[in-house]
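The structure appears right after this line, and notes come after that.
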Amino acid sequence: MQEISAARASVVDAVLKLEPPQLDIVFLGAWTVKDLLSHLIGWDSANLQAINELRESQLPEFYNHIDADWRSYNALLVERYYSDDINALLSRAELSHTELLRKVDSLPPAELDRDWGVRYKGYRVTIARLLQVEAGDEQEHARQIREYFGLPARAM
69 MQEISAARAS VVDAVLKLEP PQLDIVFLGA WTVKDLLSHL IGWDSANLQA INELRESQLP
129 EFYNHIDADW RSYNALLVER YYSDDINALL SRAELSHTEL LRKVDSLPPA ELDRDWGVRY
189 KGYRVTIARL LQVEAGDEQE HARQIREYFG LPARAM
């Protein structure tokens with residue numbers, strides 16, 4: 069929980085250091101900072117749904133969309149959650165993240181690593197692993213924002 073919270077805080081900290089014109093610069097493939105925030109909101113929602121699906125021993129629906137670097141699914145999430153209003157995006161990113169953390173916090177700790185019998189290509193899918201992937205993705209995105217825009221590393 070701390071890792072995923074710290075990762076989101078790092079992204080938001082980097083975004084808040086940018087000037088308004090920088091938010092619309094394409095810096096990551098085809099993405100702007102606004103697109104990136106939309107992507108994060110989308111994955112919060114996808115992981116909320118995935119937690120419920122795993123607890124019913126079902127493969128999370130988003131696995132139906134897997135391709136190279138999740139490009140198609142990420143594009144869908146950006147389109148679905150995009151807003152040109154940075155304040156709305158930041159607010160929604162905080163809300164979606166809070167909803168995800170609240171859901172995880174409501175679970176018995178043993179459920180996070182529980183084997184629900186769900187596999188993808190032989191890989192055991194767990195709630196903890198989904199959250200680890202999200203945290204790692206967000207840490208990488210915070211690093212990419214800081215690197216591209218010349219921001220100093222975040223003090224921990």
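Counting in the working numbering, the sequence shown runs from 69 upward without gaps.
No residue lacks a Cβ here, since even glycine has one placed at the ideal position from N, Cα and C.
If you're wondering where the values come from, they're calculated on a predicted model, not measured in any experiment.
_Short Cβ contact (7 Å threshold) for Ile119 with Lys171_ = yes
*Skipping 5 residues on each side, what residues in its chain have a beta carbon closer than 8 Å to that of Asp81?*
Ala210 and Arg222
*Measure how close the beta-carbons of Leu122 and Ile195 come, nearest whole angstrom, since I'm counting them as under 8 Å.*
Cβ atoms of Leu122 and Ile195 come within 8 Å of each other, at about 6 Å.
*So which of Gln212, Asp173, Thr166 and Trp111 has the shortest CA-CA distance to Gly97?*
Proximity to Gly97 across Gln212, Asp173, Thr166 and Trp111 peaks at Gln212, based on C-alpha coordinates.
*How many Å lie between Ile93 and Gly185 at the Cα?*
43 Å
_Let's test the definition: count the other Cβ atoms within 10 Å of the Cβ of Asn155 and tell me whether it reaches 16, buried, or not, exposed._
exposed
*Please list the segments of the alpha helix (DSSP H) lying wholly inside the segment 74-155, counting only runs of 4 or more residues, in order along the chain.*
101-123 and 139-149
*Nearest CA to the CA of Thr100: which residue from Ala143, Leu163 and Pro177?*
Ala143
*asked:* Here's the rule: buried if 16 or more other CB atoms are within 10 angstroms of the residue's CB, otherwise exposed. What is Val201?
replied: exposed
*Could you tell me which of Leu168, Leu199 and Phe95 sits nearest to Gly218, measuring between CA atoms?*
Phe95
*asked:* Please report the straight-line C-alpha distance between Asp103 and Gly190, rounded to a whole angstrom.
replied: Pairing Asp103 with Gly190, the inter-Cα distance amounts to about 32 Å.
*asked:* Relative to the C-alpha of Leu180, which candidate in Asn115, Glu129, Ala161 and Tyr149 has its C-alpha closest?
replied: Asn115
*Pull up the distance between the alpha-carbon of Leu105 and that of Ala178, whole angstroms please.*
31 Å
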